[in-house]
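Undergrad:
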């Protein structure tokens, strides 16, 4: 109801206005609730990123530390003993005091050099033993395939050999290396191509049998940081030895020996390694 010029009149009456709700306070914005937790998370991340990049003292502390009254320099001085390579070589020298590491590393160097010399030049030997132009009578590829297959089998079977390698390693190396020397001598002395094939297949199988064992024994004697260095050094020394033998024995600037005589230097190295391992084993009472 409302008044009009001295009387009453009926009409609509507007309801009283509702009180307006006050906006969220600063505390409500900072404290996560069910409705604004995403906004709070974004705010916290932005604030953290801003404060992490805010370094008011950085532009003053560097000139202060490099001042004439301080004993600091921009270039960090250091002795050659602190170089990373020098420290790694020193640690390598300390680890080489282990008899097992020395034994398997020497086997890796000498046997790998002899192995790759045989593998690289055996086809020339086969061509001398069995010279023919009839390709249907040549089974060099079959011998390579059979040797690869036997090498895979012997490598896989090496994982099932359960012996005390610290005690029997020298005897096993001596036996396998002696067998390799006999096989090399057989390839050197025979005129039968089939005996050459068989000797080559067995030679590769014997080498591949000891490779995973040597890898495990060397790796178990080292830290993770030195494994790559030791394997690299062993392979490098084997490559250097193989190169020197090739230059001296096969190259025309060296002795330039015929192919049969080129095979024979691998046999004394195998026998030497085998003899040393046997002598050490006997000396230990094996």
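Numbering (the working numbering), first residue to last: 9 to 294. Quick reminder that beta carbons are idealized off the backbone N, C-alpha and C, glycines included. These figures come from a predicted structure and were not determined experimentally.
1) Using the C-alpha atoms, what's the distance from residue 97 back to residue 202?
2) I need the straight-line Cα distance from residue 117 to residue 209, nearest angstrom please.
3) Which one of 207, 182, 184, 180 has the shortest CA to CA distance from residue 193?
4) Counting Cβ pairs, one atom from each stretch, are 3 or more of them under 8 angstroms apart for the stretch 174-190 and the stretch 243-261?
5) For the alpha helix (DSSP H) containing residue 4, name the first residue and the last one.
6) Tell me the residue span of the alpha helix (DSSP H) that contains residue 167.
7) Mind checking whether residue 220 and residue 163 have CB atoms under 8 angstroms apart?
8) Can you list, in chain order, the residues of its chain with a C-beta nearer than 6 angstroms to that of residue 211? Leave out the 5 residues immediately preceding and following it.
9) Does the beta-carbon distance from residue 166 to residue 217 come in below 8 angstroms?
10) What's the gap between the Cα of residue 170 and the Cα of residue 225?
11) Residue 228 by DSSP, collapsed to three states: which one?
12) Using only the alpha-carbon positions, how far apart do residue 179 and residue 120 sit?
13) Can you tell me the Cα-Cα spacing of residue 138 and residue 256, whole angstroms?
14) Does residue 204 pass the burial test, meaning 16 or more other C-beta atoms within 10 Å, or should it be called exposed?
15) Drop a sphere of 10 angstroms on the beta-carbon of residue 122, count the other beta-carbons inside from all chains shown, and report buried for 16 or more, exposed for fewer.
TA: Taking the definition as stated:
1) Here the question's residue 202 lines up with position 194 in the chain shown. Here the question's residue 97 lines up with position 89 in the chain shown. Straight-line Cα distance between these residues: approximately 47 angstroms.
2) In the chain shown, counting from the first residue as 1, residue 117 sits at position 109. In the chain shown, counting from the first residue as 1, residue 209 sits at position 201. Between residue 117 and residue 209, the C-alpha separation is close to 21 angstroms.
3) Residue 193 sits at position 185 when you count from the first residue of the chain shown. The candidate whose alpha carbon is nearest that of residue 193 is 207.
4) Between the stretch 174-190 and the stretch 243-261 there are fewer than three inter-stretch CB-CB distances shorter than 8 angstroms, so the stretches are not counted as touching.
5) Any answer about residue 4 is impossible in this case: the structure gives the chain only from 9 up to 294.
6) Start at 1 with the first residue of the chain shown, and residue 167 comes out as number 159. That residue, residue 167, is in no alpha helix (DSSP H); it is neither H nor E in DSSP.
7) Residue 220 sits at position 212 when you count from the first residue of the chain shown. Residue 163 sits at position 155 when you count from the first residue of the chain shown. Cβ atoms of residue 220 and residue 163: closer than 8 angstroms.
8) Position 203 of the chain shown, counting from 1, holds the residue named residue 211. If we look at residue 211 and ignore the five residues flanking it on each side, its Cβ neighbours are 188, 191.
9) Translated into the one-based positions of the chain shown, residue 166 becomes position 158. Translated into the one-based positions of the chain shown, residue 217 becomes position 209. Yes, they are a contact pair.
10) Counting from 1 along the chain shown, the entry for residue 170 is found at position 162. Counting from 1 along the chain shown, the entry for residue 225 is found at position 217. Cα to Cα, the separation comes out at about 13 angstroms.
11) Sequence index remark: in the chain shown, residue 228 carries index 220 (1-based). Shown here, residue 228 sits in a helix according to DSSP, grouped into three states.
12) Locating residue 179 in the chain shown gives position 171, counting from the first residue. Locating residue 120 in the chain shown gives position 112, counting from the first residue. Distance between the alpha carbons of residue 179 and residue 120: 19 angstroms.
13) Position 130 of the chain shown holds residue 138. Position 248 of the chain shown holds residue 256. Rounded to whole angstroms, residue 138 and residue 256 show a C-alpha spacing of 26 angstroms.
14) As a working note, residue 204 is residue 196 in the chain shown. So residue 204 counts as buried.
15) Translated into positions along the chain shown, residue 122 becomes position 114. Residue 122 is buried by the Cβ-count criterion.
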